[in-house]
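Going by the UniProt record's numbering, the first residue of the sequence shown is number 1, and it counts up by one from there. Think of the CB as a built atom: it goes at the ideal place given N, C-alpha and C, for glycine as much as any other residue. Just so you know, these numbers come straight off a predicted model, no measurement behind them. Read the structure below first, then the notes.
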Amino acid sequence: MTAISIATVLYNTRTDLVNRLVQNIYNVMEKFDQVDYYLINNSPENENLSEYLKKYDQSSKVTVIPAETNRGFGAGNNLVLKYLRSDYHFVVNPDVIIKDSEQIELMVNFMNNHPECGLLSPLMKFPNGEVQHLFKKRATVFDMALRFVRIPGFEKRRQQFVNLPDGYTSIHEAENVSGSFGSMIFGVDGELHRRHFCIKKRHITSVLQSSRRNQLKAR
């Protein structure tokens with residue numbers, strides 16, 4: 001049976017959102033025998049959140065990792081490295097809701113069937129069902145500027161940057177992804193570097209030159 005680990009970095013996250021997320025993870029991972037879930041508290045000065053997380057102290061399914069100080073999202077994720085024993089590791093933001101267990105099985109089966117793939121990102125949607133355009137090409141400074149300033153005559157380039165119009169209906173190799181990855185890739189150079197979580201969203205794919213990079217677009 002495939003072993004799964006999940007990490008969520010919390011920063012002043014509302015306790016009701018934490019509870020919703022944990023319950024969602026419990027539900028969608030119920031078909032897997034080995035699941036390790038890590039909650040990284042990146043806001044140790046938040047007494048309300050720290051106190052709330054104590055409820056998981058006796059849990060065999062959830063491990064709370066308190067950061068001594070907030071050093072950022074990448075550094076927070078690095079705190080799980082010494083605990084990992086999984087085949088696949090998921091990075092899940094606290095505002096994410098996974099539809100059902102079928103989505104997890106779909107991703108795991110894809111990775112099992114494509115050992116040459118080191119990194120995978122699923123299709124993401126807003127609560128209203130609208131697709132989030134997270135499948136981006138490698139950005140130039142000009143492309144980043146176009147995200148915030150609409151310059152007449154460059155709409156086609158804006159769309160191409162996020163792989164519109166047909167980038168969200170099938171599987172593609174990706175230059176940049178938001179999502180999950182095999183734990184064997186997670187440990188290639190020992191850690192996730194903070195530079196891969198800056199505003200430009202340059203993820204660890206940029207240092208995995210020898211790996212094929214695919215993006216799973218689940219329907």
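If you look at threonine 63, you'll find it in the beta strand (DSSP E) that goes 62-66. Distance between leucine 21 and glutamate 116, taken at the CA atoms: about 31 Å.
As the crow flies, the alpha-carbon of arginine 85 is around 51 Å from that of proline 152. According to DSSP, isoleucine 25 shares a beta bridge with no other residue. Taking C-beta atoms under 8 Å as the contact rule, leucine 79 and isoleucine 40 qualify, at a distance of about 5 Å.
Pairing phenylalanine 110 with leucine 120 gives a Cβ-Cβ distance under 8 Å. Counting C-beta pairs closer than 8 Å gives three or more between the region 42-51 and the region 63-73, which meets the contact rule. Of the residues Lys31, Tyr38, Asn46 and Thr2, the one whose Cα lies closest to the Cα of threonine 15 is Asn46.
According to DSSP, asparagine 41 shares a beta bridge with Leu10 and Pro66.
For the 8 Å CB-CB criterion, isoleucine 97 and isoleucine 104 do not form a contact. Arginine 150 and proline 122 have their C-alpha atoms some 28 Å from each other. A check of alpha carbon separations from tyrosine 11 across Thr2, Asn24, Arg71 and Val62 identifies Arg71 as the nearest. DSSP links glutamate 130 through a beta bridge to no other residue.
The C-beta distance from isoleucine 4 to valine 28 rounds to 10 Å, too long to meet the 8 Å contact threshold. For tyrosine 52, the enclosing alpha helix (DSSP H) stretches over residues 47-53.
The C-beta distance from asparagine 77 to alanine 7 rounds to 6 Å, short enough to meet the 8 Å contact threshold. Serine 50 and methionine 1 have their alpha carbons spaced roughly 34 Å apart. In this chain, the beta strand (DSSP E) harbouring phenylalanine 90 covers 88-91.
With contacts defined as CB atoms closer than 8 Å, valine 9 and phenylalanine 90 fail to qualify as a contacting pair. With a beta-carbon spacing of about 6 Å, isoleucine 25 and tyrosine 37 fall inside the 8 Å limit used to define contacts.
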